[in-house]
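2 protein chains.
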Amino acid sequence: MPRGRPREFDPDQALDAALLLFWRHGYEGTSLAALTQAMGINMPSLYAAFGNKETLFRRALDRYLQRPASYLPNALKEPTARRAAEQLFRGAIDMTMNPRHPDGCLLVQGALASGPTAQVVRKELSLRRAAAEAAVRRRLERAIAEGDLAEGADAAGLARYLITVVWGMSVQAAGGASRNQLEDIARTAMSAWPT
Amino acid sequence: MPRGRPREFDPDQALDAALLLFWRHGYEGTSLAALTQAMGINMPSLYAAFGNKETLFRRALDRYLQRPASYLPNALKEPTARRAAEQLFRGAIDMTMNPRHPDGCLLVQGALASGPTAQVVRKELSLRRAAAEAAVRRRLERAIAEGDLAEGADAAGLARYLITVVWGMSVQAAGGASRNQLEDIARTAMSAWPT
DNA sequence: TTAATATTGTAGTATTCGATAAAAAAATAA
DNA sequence: TTATTTTTTTATCGAATACTACAATATTAA
Numbered sequence: 074m075p076r077g078r079p080r081e082f083d084p085d086q087a088l089d090a091a092l093l094l095f096w097r098h099g100y101e102g103t104s105l106a107a108l109t110q111a112m113g114i115n116m117p118s119l120y121a122a123f124g125n126k127e128t129l130f131r132r133a134l135d136r137y138l139q140r141p142a143s144y145l146p147n148a149l150k151e152p153t154a155r156r157a158a159e160q161l162f163r164g165a166i167d168m169t170m171n172p173r174h175p176d177g178c179l180l181v182q183g184a185l186a187s188g189p190t191a192q193v194v195r196k197e198l199s200l201r202r203a204a205a206e207a208a209v210r211r212r213l214e215r216a217i218a219e220g221d222l223a224e225g226a227d228a229a230g231l232a233r234y235l236i237t238v239v240w241g242m243s244v245q246a247a248g249g250a251s252r253n254q255l256e257d258i259a260r261t262a263m264s265a266w267p268t
Numbered sequence: 074m075p076r077g078r079p080r081e082f083d084p085d086q087a088l089d090a091a092l093l094l095f096w097r098h099g100y101e102g103t104s105l106a107a108l109t110q111a112m113g114i115n116m117p118s119l120y121a122a123f124g125n126k127e128t129l130f131r132r133a134l135d136r137y138l139q140r141p142a143s144y145l146p147n148a149l150k151e152p153t154a155r156r157a158a159e160q161l162f163r164g165a166i167d168m169t170m171n172p173r174h175p176d177g178c179l180l181v182q183g184a185l186a187s188g189p190t191a192q193v194v195r196k197e198l199s200l201r202r203a204a205a206e207a208a209v210r211r212r213l214e215r216a217i218a219e220g221d222l223a224e225g226a227d228a229a230g231l232a233r234y235l236i237t238v239v240w241g242m243s244v245q246a247a248g249g250a251s252r253n254q255l256e257d258i259a260r261t262a263m264s265a266w267p268t
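From first to last, the protein sequence lines stand for chains F and L.
Residue numbers for the first sequence follow the working numbering, beginning at 74 and rising by one.
Residue numbers for the second sequence follow the working numbering, beginning at 74 and rising by one.
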């Protein structure tokens with residue numbers, strides 16, 4: 074039982090609205106005025122619940138990774154490395170092509186280049202992208218240990234290649250690429266898979 | 074012989090300074106105060122010479138394509154499609170690894186996602202990326218006509234794949250990728266080349 | 001010398017940015 | 001009821017934003 078006046082909004086729902094805005098317009102391109110309007114709350118409520126713009130973005134980023142971007146850890150659960158890679162592309166395409174989502178990946182669209190005030194957010198996104206790549210790399214290392222991939226395969230290099238294609242597809246999505254086009258890219262990319 | 078007081082700055086040199094700033098910090102992340110400081114001129118001079126922020130960005134973009142990004146049309150002059158693709162990656166890596174340049178490609182870093190005021194610039198960059206892809210596609214179509222590529226090859230799909238890897242490498246560069254890492258990516262990407 | 005022209009330097013404009021102070025409102029605890 | 005606690009509402013705050021008016025300056029043309 075809380076003590077004072079109860080909140081009139083659902084923080085998770087408000088966070089979802091903030092996530093969509095950051096995703097579509099990037100960190101710098103999203104103003105607090107636009108955020109409060111989309112979240113349906115006023116500024117003091119936002120600051121009381123989420124701290125400031127930067128901490129709100131971090132919360133939205135956590136939520137992004139937990140819900141729409143969970144396709145990545147899920148894909149890595151596939152029984153073989155090759156199927157994991159295929160599912161990685163499929164998941165990325167499905168997420169981007171979801172009409173309820175903005176185009177591309179928040180880890181890329183959020184802040185690639187930025188002014189002085191957003192450098193810390195840019196760095197955070199860079200770390201998260203590196204974490205995604207590392208997760209793929211570990212899955213491929215496991216595949217080598219299991220004999221699923223060749224002993225001499227370069228897990229780090231292959232992971233870097235796969236995730237680079239995912240980031241590239243995120244850029245393509247920002248240009249309005251269609252599902253078929255992204256699927257073609259994934260198919261061609263998979264033809265580089267080591268025999 | 075001009076009529077009034079002569080300018081005290083070199084417009085091309087000032088434009089180069091503006092290009093570097095837009096490239097490093099993106100369109101929205103670059104303020105006019107930062108621009109005038111880096112260009113070594115004051116605001117009325119900037120507006121007299123370049124119009125406004127948007128037209129200045131377009132001028133910088135033209136300069137970018139003519140000089141540092143000329144590696145793309147140059148690569149397409151290679152005698153075979155495969156060597157053109159290899160040179161495309163090599164040129165992209167060389168440009169990104171030039172210590173005098175910011176990381177990545179201006180067509181990607183300039184504005185992937187943006188607020189309302191930068192939407193027209195975002196759209197322009199999207200068109201330029203599409204133009205780059207179209208140039209690669211036309212080169213591959215020529216290769217098919219010349220018998221350099223298989224008759225049934227998908228020029229549009231292959232071009233889209235190649236340029237997607239270039240955009241992905243631009244994202245990787247923003248994360249501090251090394252030359253060796255980018256070269257590994259290019260080598261792996263080339264192993265998808267049709268036999 | 002004088003008039004005309006273009007650039008430079010100073011000092012602004014109105015607006016938007018992220019962030020808050022203070023009081024009113026709505027709940028629980030005593 | 002009364003006191004306490006928390007949120008909401010309203011009204012800002014100072015700083016930064018893109019942009020410009022105006023006068024001083026430096027050149028060429030007459």
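Idealized CB from N, CA, C, for every residue including glycine.
Minimum Cβ-Cβ distance from L/D257 to chain F less than 8 angstroms: Closer than 8 angstroms: yes.
Considering only residues of the same chain and omitting the five flanking positions on each side of F/L92, which have a CB-CB separation below 7 angstroms? Beyond the five residues adjoining it in sequence on each side, F/L92 comes within less than 7 angstroms, by CB distance, of A133, R136, Y137 in the same chain, given in chain order.
Looking at the structure shown, is F/G162 part of a helix, part of a strand, or coil, going by DSSP? As written in the sequence, residue 162 of chain F is Phe, which differs from the Gly given in the question. F/F162 falls in the helix class under three-state DSSP.
From L/A205 to F/D257, what does the alpha carbon distance come to, in whole angstroms? Each residue's alpha carbon lies about 18 angstroms from the other.
Would a check of beta-carbon distances place L/R202 closer than 8 angstroms to chain F? Yes - at least one Cβ of chain F is within 8 angstroms of the one on L/R202.
CA-CA distance, L/L255 and L/V181? Between L/L255 and L/V181, the C-alpha separation is close to 17 angstroms.
Rounded to whole angstroms, what's the CA-CA distance from F/A122 to F/P84? Just pull it up for me. In a straight line, the C-alpha of F/A122 is about 8 angstroms away from that of F/P84.
So, is the C-beta of L/L158 closer than 8 angstroms to a C-beta in chain F? Note that residue 158 of chain L is Ala in the sequence shown here, rather than Leu. The beta-carbon of L/A158 is placed no less than 8 angstroms from the nearest beta-carbon of chain F.
Taking 7 angstroms as the limit between beta carbons, can you name the residues of its chain near L/F130, skipping five residues before and five after? For L/F130, where only same-chain residues beyond five positions count, the Cβ hits under 7 angstroms are F95, Y100, V194.
Check L/H174 in the structure and name its three-state DSSP category. Coil at L/H174, not helix or strand.
Chain L partners of F/T103, CB-CB under 8 angstroms? Within 8 angstroms of the CB of F/T103, the CB atoms of chain L belong to G188, in sequence order along the chain.
Taking any Cβ of chain L, which residues in the region 217 to 234 of chain F have a Cβ under 8 angstroms from it, in chain order? Interface annotation for the region 217 to 234 of chain F against chain L: D227, G230, L231, R233, Y234, criterion Cβ-Cβ distance under 8 angstroms.
Check whether the Cβ of L/T237 lies closer than 8 angstroms to any Cβ atom in chain F. Yes, L/T237 lies at the interface with chain F (some Cβ there is under 8 angstroms from its Cβ).
Exposed unless 16 or more other CB atoms sit within 10 angstroms - verdict on F/P79: A residue is called buried once 16 or more other Cβ atoms fall within 10 Å of its Cβ, and F/P79, having fewer, is exposed.
Rounded straight-line distance, which links the Cα of F/N171 to that of L/L235: Whole-angstrom Cα-Cα distance: 25 angstroms.
Grab the span of the alpha helix (DSSP H) containing L/I217 for me, first residue to last. From DSSP, the alpha helix (DSSP H) with L/I217 extends over 192 to 218.
Cβ-based burial, F/L200 [other Cβ within 10 Å; buried from 16]: So F/L200 counts as exposed.
What do you get for F/M116, buried or exposed, if any count of 16 or more other CB atoms within 10 angstroms of its CB means buried? The residue is exposed, with fewer than 16 neighbouring Cβ atoms inside 10 Å.
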